[in-house]
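Protein chains: 2
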Amino acid sequence: MRGTRGSGPTGPVGPGGPGGGGVNLLALRSHNAALVLDLLRAAGDEGISRLELAERTGLTPQAVSKITARLREDGLAAEAGRRASTGGKPRTVLRLVPEAGHAVGVHLDRDEVRAVLVDLRGTVVGERRAALDLGAGAEAVLGAVREAVAGVPAAGPGGDGNASRPGPALLGVGVALPGPLDHGRGVLHRVTGFPEWDGFPLREALAERLGVPVVVDKDTNAAALGLAAGGQGGSFAYLHLGTGLGAGLVIGGRVHRGARTGAGEFGHQVIQLDGPPCTCGNRGCVEALCLGAVERGDLREAARVLGAGAANLVGLLDIDVVLLGGRTVAAAPETFTDGVGAVLEAWARRTGQDAVPVRVAAGGGGAVAGGAAELVLGPVFGRGGG
Amino acid sequence: MRGTRGSGPTGPVGPGGPGGGGVNLLALRSHNAALVLDLLRAAGDEGISRLELAERTGLTPQAVSKITARLREDGLAAEAGRRASTGGKPRTVLRLVPEAGHAVGVHLDRDEVRAVLVDLRGTVVGERRAALDLGAGAEAVLGAVREAVAGVPAAGPGGDGNASRPGPALLGVGVALPGPLDHGRGVLHRVTGFPEWDGFPLREALAERLGVPVVVDKDTNAAALGLAAGGQGGSFAYLHLGTGLGAGLVIGGRVHRGARTGAGEFGHQVIQLDGPPCTCGNRGCVEALCLGAVERGDLREAARVLGAGAANLVGLLDIDVVLLGGRTVAAAPETFTDGVGAVLEAWARRTGQDAVPVRVAAGGGGAVAGGAAELVLGPVFGRGGG
DNA sequence: TGCACTTTGGCAACAGCGTTGCGAAAGTGG
DNA sequence: CCACTTTCGCAACGCTGTTGCCAAAGTGCA
Chain A
1 MRGTRGSGPT GPVGPGGPGG GGVNLLALRS HNAALVLDLL RAAGDEGISR
51 LELAERTGLT PQAVSKITAR LREDGLAAEA GRRASTGGKP RTVLRLVPEA
101 GHAVGVHLDR DEVRAVLVDL RGTVVGERRA ALDLGAGAEA VLGAVREAVA
151 GVPAAGPGGD GNASRPGPAL LGVGVALPGP LDHGRGVLHR VTGFPEWDGF
201 PLREALAERL GVPVVVDKDT NAAALGLAAG GQGGSFAYLH LGTGLGAGLV
251 IGGRVHRGAR TGAGEFGHQV IQLDGPPCTC GNRGCVEALC LGAVERGDLR
301 EAARVLGAGA ANLVGLLDID VVLLGGRTVA AAPETFTDGV GAVLEAWARR
351 TGQDAVPVRV AAGGGGAVAG GAAELVLGPV FGRGGG
Chain B
387 MRGTRGSGPT GPVGPGGPGG GGVNLLALRS HNAALVLDLL RAAGDEGISR
437 LELAERTGLT PQAVSKITAR LREDGLAAEA GRRASTGGKP RTVLRLVPEA
487 GHAVGVHLDR DEVRAVLVDL RGTVVGERRA ALDLGAGAEA VLGAVREAVA
537 GVPAAGPGGD GNASRPGPAL LGVGVALPGP LDHGRGVLHR VTGFPEWDGF
587 PLREALAERL GVPVVVDKDT NAAALGLAAG GQGGSFAYLH LGTGLGAGLV
637 IGGRVHRGAR TGAGEFGHQV IQLDGPPCTC GNRGCVEALC LGAVERGDLR
687 EAARVLGAGA ANLVGLLDID VVLLGGRTVA AAPETFTDGV GAVLEAWARR
737 TGQDAVPVRV AAGGGGAVAG GAAELVLGPV FGRGGG
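Sequence lines, in order, name chains A and B. Here the first sequence stands for residues 1 to 386, numbered as in the numbering used here. Here the second sequence stands for residues 387 to 772, numbered as in the numbering used here.
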């Protein structure tokens with residue numbers, strides 16, 4: 001690596017920073033480099049040529065050449081063959097070097113901890129799962145996380161699954177868990193059902209024990225970020241229906257966390273004034289109605305209720321697509337996509353527009369852990385703030 | 387003005403553009419210049435010093451000096467006295483030159499057209515109102531708009547209110563009107579109650595007749611943009627309760643319009659499943675419930691219903707403040723702020739956070755027209771895209 | 001009144017950014 | 001074998017914000 005890159009002082013960079021808004025040359029350089037890296041990652045195994053990068057970024061080919069030369073010097077990019085000629089010199093294909101960096105994503109759930117080791121491209125190269133009681137106290141949980149992170153098997157050359165940690169630096173650890181928290185400061189608010197975690201500085205505690213940068217976020221935000229990094233472009237909402245009902249919002253490729261990083265409270269949206277009581281103390285929340293229907297075994301009604309909430313969200317934010325996930329959805333995916341889709345189609349018919357599509361989110365049970373790793377990888381590819 | 391500035395080719399600049407994301411030096415310069423201009427405008431009569439600009443932008447004082455020198459050369463900024471010394475050379479105060487540019491904002495309502503002429507700072511320097519029938523056909527309406535724009539009295543040196551148009555260039559005309567439309571292409575969808583406007587290319591038609599750039603947007607978005615430009619920082623929602631119920635969303639200082647620029651459909655959010663029918667064809671919309679209560683004279687219930695919708699929005703987006711406006715709110719402001727505030731406070735108590743404040747939006751009846759002008763002024767101050 | 005000190009802000013030199021002009025490299029097609 | 005097309009790097013360039021230095025313009029103390 002070159003000296004000027006890496007963990008150097010980034011200074012007052014990017015919007016939302018302390019100063020806010022001012023862009024200097026250092027910020028410009030890292031912004032464009034991150035943009036190119038992001039396109040390289042999106043290109044995957046197929047790779048992408050310099051001229052194509054220039055078209056997509058709006059930069060001149062020569063600028064792209066300089067940027068990619070730096071990335072190659074740093075070991076983050078490499079040439080990978082060439083395309084067929086179209087009448088002249090064939091384009092050289094560039095690709096990301098996934099092994100140049102790694103991150104660990106931890107999904108801290110109520111009864112399980114799941115850690116994955118991913119490379120720069122986001123591919124899972126190692127996984128470890130262990131049972132956990134989130135109510136067993138801070139020390140026990142922190143120890144379990146440390147054990148999970150330290151014990152993630154790294155895919156060695158032989159692929160035996162138990163090789164040593166790969167050489168390149170571990171960029172950091174991303175942790176996702178249920179319930180509201182302060183993403184900026186890394187402090188938990190109230191993990192639903194576990195009031196003893198209220199106010200616990202999880203990021204600080206973990207960073208100290210692990211010795212690497214730590215980022216924490218809500219599970220739904222992590223999953224949404226993982227989907228965005230996995231190629232889901234534009235703006236979308238990820239609705240997670242499991243033991244609770246929450247949402248992760250991605251607007252213009254960035255996770256929307258809101259002023260106090262508490263955005264995405266989808267489940268306690270009221271869709272039936274003075275309706276049945278909810279665990280939150282209010283009445284008529286989507287979560288109460290939807291989970292109530294699930295308990296009664298009426299999945300069609302659950303899907304209709306979920307669709308009503310989704311339609312409210314779509315109308316308010318005008319997003320591109322709605323993605324569904326979580327155990328309850330996984331148990332009957334078509335019932336939910338059809339039911340939610342029907343409500344959105346009815347809404348679209350009334351306004352005369354095309355209906356917003358509804359799909360089951362890719363990734364399945366590992367989506368949150370993979371997305372948690374993306375909390376660390378995101379800034380590398382210019383997906384830092386929200 | 388210098389040759390390099392002005393209407394030169396901006397190239398592939400800014401996010402959301404054709405190429406997307408890539409930042410070259412020209413884009414960097416205009417970004418930083420716009421940032422400084424925005425701070426100058428926010429400083430108002432009081433002005434702001436170079437060092438303060440440097441602190442706020444994160445740029446070095448020397449960079450700010452160069453930028454402000456260019457702005458002064460272009461006539462957009464000027465020195466305006468100096469502050470008290472704090473032990474050394476006193477800071478020179480800079481301020482925006484409001485007369486360096488003007489814009490016209492047009493509020494096209496169902497029964498009235500209202501045009502205002504504003505200076506760079508957004509101060510209204512001329513106004514004209516006329517009765518209008520939005521259903522009288524395209525030719526009649528376009529003619530009325532042209533007449534209103536041409537006839538806005540410009541505040542001359544004597545302030546007689548009937549002087550000629552000021553010398554500096556008219557930057558453009560912003561038009562705000564009710565109902566959904568395509569902000570990007572400037573095409574109307576369906577102005578509520580006037581189906582004959584469906585698909586009408588308003589921006590193109592007006593730009594041709596007026597000979598200046600034209601921007602069109604929903605009335606709620608214009609009002610929200612005006613509030614943001616008027617100093618309301620951060621993220622907020624402007625809820626407009628008049629003949630209908632709509633919202634303008636500002637997230638991080640920028641108007642959020644969504645993928646198809648249709649965001650802000652607040653009124654047809656369902657808060658009572660299978661409730662009373664709404665004009666949109668659905669059941670249980672906030673608009674139907676809220677306006678129904680208003681018709682019955684039950685303003686407290688109207689405020690409670692509006693509060694339920696606002697709480698859903700706040701939970702989903704985690705905004706800083708809720709601002710209320712529109713004729714119905716103006717008739718009983720405290721009833722609505724108290725009623726909505728009570729619902730938000732109850733919500734905050736349950737989650738253990740501070741309640742999001744509710745206020746009546748500043749500007750009153752002229753907010754939309756002033757905000758429409760801001761559609762044109764916005765890009766000058768770096769508030770272009772959404 | 002004079003001097004030391006603090007703070008502001010411009011001038012000049014500088015490193016680094018993307019841009020432009022040009023030519024070498026590496027193919028295709030006749 | 002040659003003309004042609006296309007890709008891509010080198011060198012020079014203009015412009016950006018940055019750094020080092022110094023004049024300007026105040027305050028405070030002797």
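The beta-carbon is built from N, C-alpha and C at its ideal position, and this holds for glycine as well. In this text the structure is predicted, and so the values were computed from the model without any measurement.
Q: Work out the CA separation of R735 of chain B and A623 of chain B for me, nearest whole Å.
A: Here residue 623 of chain B refers to the residue found at position 237 of the second sequence. Here residue 735 of chain B refers to the residue found at position 349 of the second sequence. Each residue's Cα considered, the two are about 21 Å apart.
### Query
Which class does E651 of chain B belong to by DSSP, given the choice of helix, strand or coil?
As a position in the second sequence, residue 651 of chain B is number 265, starting the count at 1. Residue state, collapsed to three classes: coil.
Within the region 549-627 of chain B, note down every full alpha helix (DSSP H) run reaching 4 residues or more, in order along the chain. 588-596, 605-615
* Considering only C-alpha positions, which residue in the set B:G512, B:A489, B:R576, B:D495 is nearest to L596 of chain B? -> Residue 596 of chain B sits at position 210 when you count from the first residue of the second sequence. Nearest of B:G512, B:A489, B:R576, B:D495 to L596 of chain B, Cα basis: B:A489.
Legend entry - Straight-line gap, D584 of chain B to V602 of chain B (C-alpha atoms, nearest Å): Numbered from 1 along the second sequence, position 198 holds the residue referred to as residue 584 of chain B. Numbered from 1 along the second sequence, position 216 holds the residue referred to as residue 602 of chain B. Their Cα atoms are separated by approximately 15 Å.
Query - Rounded straight-line distance, which links the Cα of E731 of chain B to that of A608 of chain B - result: In the second sequence, the residue the question calls residue 608 of chain B occupies position 222. In the second sequence, the residue the question calls residue 731 of chain B occupies position 345. Going from the Cα of A608 of chain B to the Cα of E731 of chain B covers about 28 Å.
message = Strictly under 8 Å for the Cβ-Cβ distance: is A645 of chain B near chain A by that measure?
response = Along the second sequence, read from residue 1 onward, the residue named residue 645 of chain B stands at position 259. For A645 of chain B, the answer is yes, since a Cβ of chain A falls inside 8 Å of its Cβ.
Fill in: Beta-carbon proximity check, E673 of chain B vs G315 of chain A, cutoff 8 Å
As a first step, residue 673 of chain B must be located in the second sequence, where it is residue number 287. As a first step, residue 315 of chain A must be located in the first sequence, where it is residue number 315. Taking 8 Å as the Cβ cut-off, E673 of chain B and G315 of chain A do not qualify as a contacting pair.
Could you tell me the alpha carbon to alpha carbon distance between G275 of chain A and E441 of chain B, rounded to whole angstroms?
If you number the first sequence from 1, residue 275 of chain A lands on position 275. If you number the second sequence from 1, residue 441 of chain B lands on position 55. The alpha-carbon atoms of G275 of chain A and E441 of chain B are separated by roughly 51 Å.
Please return the same chain residues whose Cβ sits closer than 6 Å to the Cβ of G768 of chain B, not counting the five positions on each side in sequence.
To locate residue 768 of chain B, count along the second sequence from 1; it is residue 382. Closer than 6 Å at Cβ, skipping near neighbours: A420, L421, D424.
State the Cα-Cα distance for the pair G370 of chain A and G122 of chain A, rounded to the nearest angstrom.
Position 370 of the first sequence, counted from the start, is the residue given in the question as residue 370 of chain A. Position 122 of the first sequence, counted from the start, is the residue given in the question as residue 122 of chain A. Their backbone Cα atoms lie some 7 Å apart in a straight line.
query: Taking 8 Å as the CB-CB cut-off, is H189 of chain A touching chain B?
result: Residue 189 of chain A sits at position 189 when you count from the first residue of the first sequence. The beta-carbon of H189 of chain A is placed less than 8 Å from the nearest beta-carbon of chain B.
#### Entry: Own chain, CB closer than 8 Å to E687 of chain B, minus 5 neighbours either side, in chain order
Counted from its first residue, the second sequence places residue 687 of chain B at position 301. Cβ neighbours of E687 of chain B beyond the five flanking positions: A679.
> Among B:D505, B:G565, B:I705, which one has its Cα closest to the Cα of G430 of chain B?
Replying inline: Translated into the one-based positions of the second sequence, residue 430 of chain B becomes position 44. Among B:D505, B:G565, B:I705, the Cα nearest to that of G430 of chain B is on B:D505.
- Message: Whether or not the region 330-344 of chain A and the region 182-202 of chain A are in contact is what I'm after, with contact meaning three or more pairs of Cβ atoms, one per stretch, closer than 8 Å; do they touch?
- Response: no
Check: Based on the DSSP secondary-structure assignment, which residues constitute the bridge partners of G105 of chain A?
Finding: The residue labelled residue 105 of chain A in the question sits at position 105 within the first sequence. A:V116, A:G174, per the DSSP bridge assignment.
If I measure Cβ to Cβ from Q272 of chain A and keep anything under 8 Å in the same chain, skipping five residues before and after, which residues do I get? Counting from 1 along the first sequence, the entry for residue 272 of chain A is found at position 272. R283, G284, L289.
Self-check item: Unbroken alpha helix (DSSP H) run spanning R427 of chain B, endpoints
Solution: For the purposes of this step, residue 427 of chain B is taken as residue 41 along the second sequence, with counting starting at 1. Residues 411-429.
task: Please compile the residues from chain A whose C-beta is within a distance smaller than 7 Å of the C-beta of E651 of chain B.
output: Residue mapping note: residue 651 of chain B aligns to position 265 of the second sequence, counting from 1. What E651 of chain B touches in chain A: G315, L316.
### Query
Looking only at C-alpha atoms, which of A:T279, A:L317, A:H268, A:I319 sits nearest to L306 of chain A?
Reading the first sequence from its first residue, position 306 is the one you call residue 306 of chain A. Taking only the C-alpha atoms, the option nearest L306 of chain A is A:H268.
Practice task
Buried or exposed for K89 of chain A, please, with buried defined as at least 16 other CB atoms from any protein chain shown within 10 angstroms of its CB.
Solution key: Numbered from its first residue, the first sequence carries residue 89 of chain A at position 89. It is exposed - the Cβ of K89 of chain A has fewer than 16 other Cβ atoms within 10 Å.
Closer than 8 Å at the beta carbon, the chain A residues around S621 of chain B:
Within the second sequence, residue 621 of chain B is the residue found at index 235, counting from 1. Correct list: G258, A259.
Requested in this report: Check C285 of chain A in the structure and name its three-state DSSP category.
Outcome: The sequence position of residue 285 of chain A within the first sequence is 285, counting from 1. C285 of chain A falls in the strand class under three-state DSSP.
For V538 of chain B, which residues in the same chain have their Cβ closer than 8 Å to its Cβ, ignoring the five residues on either side in sequence? On the second sequence, residue 538 of chain B is found 152 positions in, with the first residue counted as 1. Same-chain partners within the cutoff: V490, A501, V502, L503, G512, E513, R514.
| field | Contacting residues, own chain, Cβ-Cβ under 8 Å from G158 of chain A (five flanking each side not counted) | value | Here residue 158 of chain A refers to the residue found at position 158 of the first sequence. Unreliable placement is indicated for G158 of chain A, whose pLDDT of 38 sits below 50; no coordinate value is reported for it.
- Message: On the CB-based measure, 16 or more other CB atoms within 10 Å of its CB, does G161 of chain A come out buried or exposed?
- Response: Indexing the first sequence from 1 puts residue 161 of chain A at position 161. Caution applies to G161 of chain A, whose pLDDT of 40 falls short of 50 and renders its modelled position unreliable; the value that the coordinates give is listed next. Under this definition G161 of chain A is an exposed residue.
message: For a cutoff of 8 Å on Cβ pairs, would you count L659 of chain B as touching chain A?
response: Counted from its first residue, the second sequence places residue 659 of chain B at position 273. So yes, L659 of chain B belongs to the interface.
Measuring only the C-alpha atoms, how far is A614 of chain B from G752 of chain B?
The residue labelled residue 614 of chain B in the question sits at position 228 within the second sequence. The residue labelled residue 752 of chain B in the question sits at position 366 within the second sequence. Their Cα atoms are separated by approximately 15 Å.
In the DSSP assignment, the beta strand (DSSP E) including A77 of chain A goes from what residue to what residue?
For the purposes of this step, residue 77 of chain A is taken as residue 77 along the first sequence, with counting starting at 1. Counted as a single uninterrupted DSSP element, the beta strand (DSSP E) harbouring A77 of chain A occupies residues 77-82.
message = By alpha-carbon positions, which one of B:H626, B:G617, B:L528, B:G612 ends up nearest to L592 of chain B?
response = Taking the first residue of the second sequence as position 1, residue 592 of chain B is located at position 206. That would be B:L528, whose Cα lies nearest to the Cα of L592 of chain B.
Contacts that G773 of chain B makes with chain A (C-beta to C-beta distance below 9 Å):
This structure cannot settle anything about residue 773 of chain B, because the visible part of chain B is limited to 387 through 772.
Review point. Quick one, which of A:E52, A:E46, A:G58, A:S30 has its alpha-carbon nearest G407 of chain B's?
Key: Working through the second sequence from its first residue, we reach residue 407 of chain B at position 21. A:G58 is the residue among A:E52, A:E46, A:G58, A:S30 whose C-alpha sits nearest the C-alpha of G407 of chain B.
Inset, instruction - Could you confirm whether any beta carbon from chain A is found closer than 8 Å to the beta carbon of Q655 of chain B? - result: Numbered from 1 along the second sequence, position 269 holds the residue referred to as residue 655 of chain B. Output row for Q655 of chain B: interface = yes.
Q: Would you mind telling me which residues of chain A sit closer than 8 Å to A694 of chain B, beta carbon to beta carbon, in chain order?
A: Indexing the second sequence from 1 puts residue 694 of chain B at position 308. Near A694 of chain B (Cβ distances below 8 Å), the residues of chain A are V270, L273.
T714 of chain B: buried (16+ other C-beta within 10 angstroms of its C-beta) or exposed? For the purposes of this step, residue 714 of chain B is taken as the residue at position 328 of the second sequence. When all chains shown are included, T714 of chain B counts as buried.
- How would you list, in chain order, the residues of chain A whose beta-carbon sits under 7 Å from the beta-carbon of C666 of chain B? Working through the second sequence from its first residue, we reach residue 666 of chain B at position 280. Those are R350, listed as they occur along chain A.
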